[in-house]
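Colleague: These protein sequence lines are chains G and R, in that order. For the first sequence, counting from 1, position 111 maps to 111 in my numbering; every step adds exactly one. For the second sequence, counting from 1, position 85 maps to 1085 in my numbering; every step adds exactly one. The C-beta atom is built at its ideal place from N, Cα and C for all residues, glycine as well. One structure is given below, represented as structure tokens, and several questions about it will come after.
Protein chains: 2
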Amino acid sequence: MPDNPLRKNAQTPRANASGTPTLKLRARVMAGDAIAIGPGKIDLLEAIDATKSISAAAKSMGMSYRRAWLLVDEINHALSTPAVVTVTGGARGGGSDLTATGHRVVTLYRRIEQHAMKACQADIGELVALVRST
Amino acid sequence: MPDNPLRKNAQTPRANASGTPTLKLRARVMAGDAIAIGPGKIDLLEAIDATKSISAAAKSMGMSYRRAWLLVDEINHALSTPAVVTVTGGARGGGSDLTATGHRVVTLYRRIEQHAMKACQADIGELVALVRST
Chain G
1 MPDNPLRKNA QTPRANASGT PTLKLRARVM AGDAIAIGPG KIDLLEAIDA TKSISAAAKS
61 MGMSYRRAWL LVDEINHALS TPAVVTVTGG ARGGGSDLTA TGHRVVTLYR RIEQHAMKAC
121 QADIGELVAL VRST
Chain R
1001 MPDNPLRKNA QTPRANASGT PTLKLRARVM AGDAIAIGPG KIDLLEAIDA TKSISAAAKS
1061 MGMSYRRAWL LVDEINHALS TPAVVTVTGG ARGGGSDLTA TGHRVVTLYR RIEQHAMKAC
1121 QADIGELVAL VRST
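Next comes the structure, spelled out in structure tokens:
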């Protein structure tokens, strides 16, 4: 997958190809056996928020339009109210955008990741220090 | 994979096949591009601690001995001091056991997961409530 400037909060594994070990925390909301919300969907919602378009968001993530559309369809059905809506008309001839629910999902998800890292800072520091640098 | 009574702290996805959505937080320590410590290795260390044997641990997890051995080799090399040692002799003719480092890795890893969930309880509750029950 190419670098994606829209993934503001995403980790960039290549950037860590050498040096100090780091801990990543990843949240997933499971509904039955399915992942209702996970890191890939959150990255996609952020890209849609930035581009106002599912196809531009897909392109920026190196993902097919079909795959992006399916992920949007999945998250819209997983939530009680949709995260993404199609906006028709307007100067740019329509596109997509996040709903209030979509924005809330992204905010809560990122806040959980960041807050969890901060809350566990001491233990994370100790665990990571047991791992050799590369 | 069969049920594994040794995985005290592991989530059981099948048990959540219907009902209220739940959030899972998973930690991984990355060393370069490799996962030095992740949920599978921690489950395996716990199983070795319980069985004092890599082969019994592998069996209890429905994993091949070869796979378990490779995971142990990976984590031993990823850490500054090994997590698992071979114990020779003794009444039971030898086996494997966790080192102090191995125990510490498991303790820190589980504490990070549990502490992170607790620290983010309110946001997790709000996020999960946005997802439909199945």
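Suppose you measure from the CA of S60 (chain G) to the CA of R1066 (chain R); what does that come to, to the nearest Å?
Modeller: When rounded, the distance between both Cα atoms is 40 angstroms.
Colleague: Can you check whether the C-beta of E74 (chain G) is within less than 7 angstroms of a C-beta belonging to chain R?
Modeller: Closer than 7 angstroms: no.
Colleague: Could you check which residue in G:T20, G:A119 and G:A34 has the C-alpha nearest to that of H77 (chain G)?
Modeller: Minimum Cα distance to H77 (chain G) is reached at G:A34.
Colleague: Going by CA-CA distance only, name the one from R:Q1121, R:R1104 and R:M1117 that's closest to V128 (chain G).
Modeller: When only C-alpha atoms are compared, the closest one is R:R1104.
Colleague: Output needed in chain order: residues of the stretch 1109-1133 of chain R with a Cβ under 9 angstroms from some Cβ in chain G.
Modeller: Under the 9 angstroms Cβ criterion, the stretch 1109-1133 of chain R contributes Y1109, R1111, I1112, E1113, H1115, A1116, M1117, K1118, A1119, C1120, D1123, I1124, E1126, L1127, V1128, A1129, L1130, V1131, R1132 and S1133.
Colleague: Would you kindly work out how many angstroms separate the C-alpha atoms of S1133 (chain R) and M30 (chain G), rounded to a whole number?
Modeller: Cα to Cα, the separation comes out at about 10 angstroms.
Colleague: If you draw a straight line from the alpha carbon of D97 (chain G) to that of R26 (chain G), how long is it in whole angstroms?
Modeller: In a straight line, the C-alpha of D97 (chain G) is about 25 angstroms away from that of R26 (chain G).
Colleague: With 8 angstroms as the limit, tell me which residues of the stretch 1082-1107 of chain R have their beta carbon closer than that to any beta carbon of chain G; keep them in chain order.
Modeller: Residues T1101, R1104 and V1105.
Colleague: What residues in the stretch 1018-1031 of chain R bring their beta carbon closer than 7 angstroms to a beta carbon of chain G?
Modeller: Within the stretch 1018-1031 of chain R, the residues whose Cβ lies closer than 7 angstroms to some Cβ of chain G are S1018, P1021, T1022, L1023, K1024, L1025, R1026, A1027, R1028, V1029, M1030 and A1031, listed in chain order.
Colleague: Report the residue from G:L71, G:E113, G:K118 and G:I54 whose alpha carbon sits nearest the alpha carbon of L1023 (chain R).
Modeller: Here the closest residue by C-alpha is G:E113.
Colleague: DSSP three-state call for G40 (chain G): helix, strand or coil?
Modeller: Of the three classes helix, strand and coil, the one that applies to G40 (chain G) here is helix, per DSSP.
Colleague: A1036 (chain R) touches chain G at which residues, Cβ-Cβ below 7 angstroms?
Modeller: Chain G residues near A1036 (chain R): P21 and V131.
Colleague: For V87 (chain G), which of G:L71, G:Q121 and G:I48 has the nearest alpha-carbon?
Modeller: Closest by alpha carbon: G:I48.
Colleague: Once the 5 residues before and after A83 (chain G) are set aside, which same chain residues still bring their CB inside 7 angstroms of it?
Modeller: Taken in chain order, the residues that qualify are L45, I75, N76, L98, T99, T101, G102 and V105.
Colleague: So S109 (chain G) and I37 (chain G) are supposed to be a Cβ contact under 8 angstroms. How far apart are they, rounded?
Modeller: Residue identity check: residue 109 (chain G) is Tyr in the sequence provided, not Ser. The Cβ separation is near 7 angstroms, so the contact holds.
Colleague: Sorted by chain position, which residues of the same chain lie with C-beta nearer than 8 angstroms to A68 (chain G)'s C-beta, five sequence neighbours on each side aside?
Modeller: Taken in chain order, the residues that qualify are L44, I54, S55, A57, A58 and M61.
Colleague: Does the beta carbon of L1079 (chain R) come closer than 7 angstroms to any beta carbon on chain G?
Modeller: Chain G contact via Cβ: present.
Colleague: In chain order, what residues of the same chain lie with their CB nearer than 8 angstroms to the CB of G1125 (chain R), ignoring the 5 residues before and after it?
Modeller: No residues qualify anywhere along the chain.
Colleague: If you run the structure through DSSP and keep just helix, strand and coil, what is K1024 (chain R)?
Modeller: Correct three-state label for K1024 (chain R): strand.
Colleague: Quick check: the Cα distance between L79 (chain G) and H115 (chain G), rounded to an integer number of angstroms?
Modeller: In a straight line, the C-alpha of L79 (chain G) is about 23 angstroms away from that of H115 (chain G).
Colleague: With distances taken from CA atoms, which of R:T1107, R:G1089, R:I1042 and R:C1120 is nearest T107 (chain G)?
Modeller: Nearest option by C-alpha distance: R:C1120.
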